[in-house]
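K.L.:
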Amino acid sequence: MAETLDRSGPQPTADVDTPIETPATGEILLLNAVQDTLGGDGYVRAARGMSLFGEHAAGWLAIGLAGAAVDRPRRREWLGSAAAVALAHGTSIGVKRVVRRRRPAHSSVRVLVGTPSRLSFPSSHATSTTAAAVLYGGLLGRRGRAPVVVASATVGMMALSRLVLGVHYPSDVATGTALGAVVATAARRVIRRNPTHRRVSA
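Those letters in the sequence shown? Residues 1 to 202, by the UniProt record's numbering.
Written out as structure tokens, the structure is:
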């Protein structure tokens with residue numbers, strides 16, 4: 001199906017490891033299965049869009065700032081949540097620099113988007129997306145279940161998109177998701193100790 005892929009948009013940069021010519025095993029086989037199943041043009045375009053939105057957690061930080069501007073009564077919670085998303089993203093970068101695991105470089109894996117570095121573990125996109133889902137979903141979830149469902153689905157789609165694009169191993173996105181959840185849960189506890197509405201009513 002590789003010949004049907006849409007090659008428009010960002011392409012791999014020169015900072016890519018030389019593909020390895022060995023039999024595919026383990027996580028590489030899982031990557032192959034994902035790309036074979038979801039390798040059509042529409043899926044790839046959607047995955048690239050999510051990649052751009054989540055790069056450096058910029059899209060999620062923008063949502064947090066927008067929430068603070070619109071939801072004035074809970075401005076502090078929104079800003080604190082955005083800061084926690086940034087913290088989660090930064091933590092994932094720190095772990096990457098310690099672990100220094102290379103991105104998939106097997107000849108059977110199609111790399112369909114450029115990346116700012118070769119480091120793979122954990123996925124920063126999965127980390128920041130999960131943190132945003134936990135924190136923003138918690139704020140919006142007070143108005144019903146729909147925001148929580150959407151937030152959960154977004155985490156799954158972002159994680160899957162990293163595999164579709166061939167830039168992460170499954171364990172990268174799984175660990176990133178767990179890391180984002182841990183940081184966000186801890187941050188939410190801190191934020192809830194002094195919510196805006198209590199301070200305003202005091």
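Beta carbons: idealized from backbone N, C-alpha and C, even for Gly.
Going by the CB atoms, is the gap between VAL173 and ALA159 shorter than 8 Å?
P.N.:
yes
K.L.:
Alpha carbon to alpha carbon, how far is ALA68 from ALA178?
P.N.:
26 Å
K.L.:
Under a three-way DSSP split, which group does HIS168 fall into?
P.N.:
For HIS168, the three-state secondary structure derived from DSSP is coil.
K.L.:
At the level of alpha carbons, what is the spacing between ILE63 and ALA126?
P.N.:
16 Å
K.L.:
Please report the straight-line C-alpha distance between VAL183 and LEU87, rounded to a whole angstrom.
P.N.:
Near 8 Å, if we compare the C-alpha coordinates of LEU87 and VAL183.
K.L.:
Given that a residue counts as buried once 16 or more other Cβ atoms are within 10 Å of its Cβ, and exposed if not, what is VAL98?
P.N.:
exposed
K.L.:
Name, in chain order, the residues that DSSP records as bridge partners for residue 213.
P.N.:
The first residue shown for the chain is 1 and the last is 202, placing residue 213 beyond what the model contains.
K.L.:
Throw me the rounded Cβ distance for the PRO147 and LEU30 pair, which I believe falls under 8 Å.
P.N.:
About 31 Å; that fails the 8 Å criterion.
K.L.:
Whole angstroms is fine: what's the gap from ALA186's alpha carbon to ARG192's?
P.N.:
10 Å
K.L.:
Taking the alpha-carbon positions, what's the PRO122 to ARG74 distance?
P.N.:
31 Å
K.L.:
Find out if the Cβ-Cβ distance for the pair LEU61, ALA84 is shorter than 8 Å.
P.N.:
no
K.L.:
Which of helix, strand or coil does DSSP assign to ASP71?
P.N.:
coil
K.L.:
Taking its Cβ as the centre, do 16 or more other Cβ atoms sit within 10 Å of ARG72, making it buried, or is it exposed?
P.N.:
exposed
K.L.:
With a CB to CB cut of under 8 Å and the five nearest residues on each side skipped, what residues in its chain are close to ALA181?
P.N.:
THR130, ALA131, VAL134
K.L.:
Please classify SER128: is it buried, with 16 or more other beta-carbons within 10 angstroms of its beta-carbon, or exposed?
P.N.:
buried
K.L.:
Could you give the DSSP three-state label for LEU38: helix, strand or coil?
P.N.:
In the structure shown, LEU38 falls within a coil segment according to DSSP collapsed to helix, strand and coil.
K.L.:
Could you say which of LEU119, VAL111, ARG188 lies nearest to VAL94 if we only look at CA atoms?
P.N.:
Note that residue 94 corresponds to Gly in the displayed sequence, not to Val. Closest by alpha carbon: LEU119.
K.L.:
ASN194 by DSSP, collapsed to three states: which one?
P.N.:
Note: ASN194 maps to coil in three-state DSSP.
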